[in-house]
Ligand SMILES: Cc1cc2nc3c(=O)[nH]c(=O)nc-3n(C[C@H](O)[C@H](O)[C@H](O)COP(=O)(O)OP(=O)(O)OC[C@H]3O[C@@H](n4cnc5c(N)ncnc54)[C@H](O)[C@@H]3O)c2cc1C
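Residue numbers (our numbering): 96 to 503.
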């Protein structure tokens with residue numbers, strides 16, 4: 096069997112794997128990324144693309160550890176999106192430069208104070224009622240604008256894949272990567288199987304698992320503890336039909352009641368992705384009941400919203416992260432370093448640059464290898480970017496008024 100030697104074999108082509116590949120390539124390392132489905136399947140393609148500044152994690156007026164971790168990140172992303180830092184993300188669509196934050200109770204006026212007081216780089220700016228967007232007119236609480244960018248994750252994946260085509264290959268969905276352990280228990284090599292039956296044995300200085308939820312089975316195959324990963328499910332709502340583009344969090348105390356971002360379907364129609372507390376509560380609710388609940392929540396939080404022409408759908412997705420004692424969200428990214436295996440979970444998309452810094456410092460500690468070896472995979476297929484949930488979904492539900500009232 097053909098053998099290939101690389102500095103890093105990266106398994107999994109979501110935001111983590113693709114960003115790491117770009118970084119290592121620019122550092123002159125030889126790196127190969129393998130994907131068993133399509134790029135970003137799982138979390139990245141489903142993400143809302145909000146480049147959090149930490150404000151969302153400080154709604155109680157405390158600088159939480161999560162907020163501290165996130166606060167430097169938007170500036171790093173901004174430079175990449177402008178093409179002034181690597182990776183060059185100038186081809187990634189910025190869906191919005193800012194975000195509305197509004198509350199449903201009288202305490203919401205305090206929201207404006209937290210960002211500055213806690214030393215966050217992004218601070219909420221009060222929006223006067225007559226400057227409020229039409230959708231938020233008639234809301235009882237205060238309204239703020241927050242300069243948090245929202246990106247299209249689909250175009251982020253395409254952007255990162257495009258610049259590193261030669262180093263990314265498709266492996267079979269089943270048994271695409273066969274991990275071979277040495278007598279010392281370390282990963283000796285990984286045999287790659289292509290969907291059309293080709294095989295190559297990769298011997299890597301570092302094997303990086305960046306497979307999201309797929310990290311657990313990879314770890315088990317490498318003789319590592321798969322319980323170091325936790326998953327936290329979400330049941331997200333999608334709604335389309337005559338809606339304007341809108342980006343905003345409606346908060347109630349320290350919780351985000353609904354978190355709305357807009358995406359465009361392949362035919363150009365605007366779709367709202369609705370997350371926040373409703374998507375967490377929605378895990379134990381079936382599709383139709385969740386749609387009815389989402390309708391009620393949206394109309395309560397945005398009294399001027401018209402949903403007459405709305406069609407609805409939902410999707411379930413798991414967030415995969417390093418384990419925590421409580422099962423709650425980790426404060427930061429997680430890297431497990433065991434032998435020649437690195438397992439990586441960013442926890443949030445916005446934390447990917449910080450995660451990559453940690454990974455590339457480790458991978459960069461070995462001498463650079465010849466990148467020409469990758470030519471041996473020149474005939475292998477390249478994976479496509481995953482389809483977004485709103486383009487994948489076939490069954491959209493229109494609620495008649497009587498149905499929604501009954502269900503709510
Ligand atoms: C609904 C939702 C909304 C979110 N919104 C935000 C947000 O607004 N802001 C934010 O900062 N974060 C957000 N996040 C979190 C963010 O999406 C994730 O932290 C991040 O995308 C994880 O990226 P990843 O590359 O590590 O994993 P993934 O995106 O899950 O990618 C893993 C990749 O590995 C591949 N793979 C799996 N197993 C194998 C295998 N055996 N061999 C080869 N390939 C394999 C998969 O097909 C996939 O392409 C959100 C998450 C969800 C679920």
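Quick reminder that beta carbons are idealized off the backbone N, C-alpha and C, glycines included.
| request: Tell whether a beta-carbon distance below 9 Å holds between residue 302 and residue 128. | output: Working through the chain shown from its first residue, we reach residue 302 at position 207. Working through the chain shown from its first residue, we reach residue 128 at position 33. Cβ atoms of residue 302 and residue 128: not closer than 9 Å.
| query | Who are the near neighbours of residue 396 in its chain, counting only those whose CB is closer than 7 Å to its CB and skipping five residues on each side? | reply | Looking up residue 396 in the chain shown gives position 301. Counting only Cβ-Cβ distances below 7 Å, and skipping sequence neighbours, we find 199, 345, 352, 353.
| query | Is it buried or exposed for residue 314, if we count other Cβ within 10 angstroms and need 16 for buried? | reply | Walking along the chain shown from the start, residue 314 turns up at place 219. It counts as buried.
| query | Under three-state DSSP, which class holds residue 262? | reply | Position 167 of the chain shown, counted from the start, is the residue given in the question as residue 262. Residue 262 falls in the helix class under three-state DSSP.
| request: Return the first residue and the last residue of the beta strand (DSSP E) that residue 461 is part of. | output: To locate residue 461, count along the chain shown from 1; it is residue 366. Counted as a single uninterrupted DSSP element, the stretch harbouring residue 461 is not any beta strand (DSSP E), since DSSP gives it neither H nor E.
| request: Look up residue 282 in the DSSP assignment and give the residues it is bridged to. | output: Indexing the chain shown from 1 puts residue 282 at position 187. Residue 282 is bridged to 276.
| request: Can you grab the Cα-Cα spacing for the pair residue 500 / residue 233, in whole Å? | output: In the chain shown, residue 500 corresponds to position 405, counting from 1. In the chain shown, residue 233 corresponds to position 138, counting from 1. Confidence in residue 500 is poor, its pLDDT being 43 and thus under 50, which makes the residue's placement too unreliable to answer from.
| field | residue 487 in three-state terms, based on DSSP | value | Residue numbering aside, residue 487 sits at position 392 when the chain shown is read from its first letter. Helix, per DSSP.
| request: Would you tell me roughly how many angstroms separate the C-alpha atoms of residue 431 and residue 438, rounded to the nearest one? | output: If you number the chain shown from 1, residue 431 lands on position 336. If you number the chain shown from 1, residue 438 lands on position 343. Whole-angstrom Cα-Cα distance: 5 Å.
| message | If I measure Cβ to Cβ from residue 110 and keep anything under 6 Å in the same chain, skipping five residues before and after, which residues do I get? | response | Position 15 of the chain shown holds residue 110. Excluding the 5 residues flanking it on each side, residue 110 has same chain C-beta neighbours closer than 6 Å at 139, 444, 447, in chain order.
| field | Selected residue, minimal CA-CA separation from residue 377, among 420, 388, 368 | value | By 1-based counting over the chain shown, the position of residue 377 is 282. Out of 420, 388, 368, 388 has the C-alpha closest to the C-alpha of residue 377.
| query | Quick one: Cα of residue 419 to Cα of residue 238, how far? | reply | In the chain shown, the residue the question calls residue 419 occupies position 324. In the chain shown, the residue the question calls residue 238 occupies position 143. If I take the Cα positions, the gap works out to 34 Å.
| query | CB-CB under 7 Å to residue 265, same chain, minus the five flanking residues each way: which ones, in chain order? | reply | Locating residue 265 in the chain shown gives position 170, counting from the first residue. 130, 289, 290, 475, 476, 477, 478.
| field | For residue 328, three-class secondary structure by DSSP | value | As a working note, residue 328 is residue 233 in the chain shown. Of the three classes helix, strand and coil, the one that applies to residue 328 here is strand, per DSSP.
| query | Comparing the CB of residue 360 with every heavy atom of ligand 1, is any distance shorter than 8 Å? | reply | Taking the chain shown and counting its residues from 1, the one referred to as residue 360 is at position 265. Result no, Cβ not under 8 Å from ligand 1.
| query | How would you label residue 190, buried or exposed, when you count the other beta carbons within 10 angstroms and need 16 or more for buried? | reply | Stepping through the chain shown from its first residue, residue 190 is reached at position 95. Within 10 angstroms of the beta-carbon of residue 190 lie 16 or more other beta-carbons, which makes it buried.
| request: Please specify which runs of the beta strand (DSSP E), each continuous and at least 3 residues long, are wholly inside the region 409 to 460, giving them in chain order. | output: 429 to 433, 436 to 440
| request: Return the bridge partner residues of residue 221 from the DSSP annotation. | output: Taking the first residue of the chain shown as 1, we reach residue 221 at position 126. Answer is 239, bridged to residue 221.
| Hey, quick one: how far does the alpha helix (DSSP H) through residue 310 stretch, first residue to last? | For the purposes of this step, residue 310 is taken as the residue at position 215 of the chain shown. DSSP places residue 310 inside the alpha helix (DSSP H), whose first and last residues are 310 to 316.
| query | So who's on the other strand from residue 347, going by DSSP bridges? | reply | By one-based count along the chain shown, residue 347 stands at place 252. DSSP, once it has assigned bridges, lists 350 as partnering residue 347.
| Near residue 464, what residues of its chain come up, given a Cβ to Cβ distance below 7 Å and the 5 sequence neighbours on each side ignored? | Along the chain shown, one-based indexing puts residue 464 at 369. Closer than 7 Å at the Cβ level, and outside the excluded window around residue 464, lie 100, 101, 102, 125.
| task | Could you tell me which of 369, 276, 333 sits nearest to residue 493, measuring between CA atoms? | result | Along the chain shown, read from residue 1 onward, the residue named residue 493 stands at position 398. Selected option, being the one with the closest Cα: 333.
| task | Would you kindly work out how many angstroms separate the C-alpha atoms of residue 197 and residue 267, rounded to a whole number? | result | In the chain shown, residue 197 corresponds to position 102, counting from 1. In the chain shown, residue 267 corresponds to position 172, counting from 1. Each residue's alpha carbon lies about 46 Å from the other.
| said: Below 8 Å, is the gap between the Cβ of residue 425 and the nearest heavy atom of ligand 1? | reply: Taking the first residue of the chain shown as position 1, residue 425 is located at position 330. Residue 425: no, Cβ never under 8 Å from ligand 1.
| message | So for residue 379, helix, strand or coil by DSSP? | response | One-based indexing of the chain shown puts residue 379 at position 284. DSSP places residue 379 in helix when its eight states are reduced to three.
| request: Inspect the CB distances between the region 408 to 427 and the region 321 to 331 and report whether three or more fall short of 8 Å. | output: yes
| task | Please confirm whether any heavy atom of ligand 2 lies closer than 8 Å to the CB of residue 333. | result | Among the ligands in the structure shown, ligand 2 does not appear; only ligand 1 can be found there.
| said: Quick check: residue 250 and residue 194, are their CB atoms within less than 9 Å of each other? | reply: Residue 250 sits at position 155 when you count from the first residue of the chain shown. Residue 194 sits at position 99 when you count from the first residue of the chain shown. No. Outside cutoff.
| query | If we ignore side chains and look at the alpha-carbon of each, how far apart do residue 458 and residue 218 end up? | reply | Your numbering for residue 458 matches position 363 in the chain shown. Your numbering for residue 218 matches position 123 in the chain shown. For residue 458 and residue 218, the distance between alpha carbons rounds to 36 Å.
| task | Answer with buried or exposed for residue 425, where buried requires no fewer than 16 other C-beta atoms within 10 angstroms of its C-beta. | result | Along the chain shown, read from residue 1 onward, the residue named residue 425 stands at position 330. The residue is buried, with at least 16 neighbouring Cβ atoms inside 10 Å.
| field | Any non-hydrogen atom of ligand 1 closer than 8 Å to residue 284 Cβ | value | For the purposes of this step, residue 284 is taken as the residue at position 189 of the chain shown. No, ligand 1 has no heavy atom inside 8 Å of this Cβ.
| query | Mapping DSSP to helix, strand and coil, what is residue 368? | reply | Along the chain shown, one-based indexing puts residue 368 at 273. In the three-state DSSP reduction, residue 368 falls in the strand class (E or B).
| said: Is it buried or exposed, residue 243, if we count other Cβ atoms within 10 angstroms and call 16 or more buried? | reply: Sequence index remark: in the chain shown, residue 243 carries index 148 (1-based). With 16 or more Cβ atoms within 10 Å of its Cβ, residue 243 is classed as buried.
| Once you ignore the five residues that flank residue 486 on each side, which residues in its own chain have a CB closer than 7 Å to its CB? | Position 391 of the chain shown holds residue 486. Answer for residue 486: 360, 361, listed in chain order.
| Which residues bound the alpha helix (DSSP H) around residue 121? | Numbered from 1 along the chain shown, position 26 holds the residue referred to as residue 121. That run of the alpha helix (DSSP H) goes 110 to 121.
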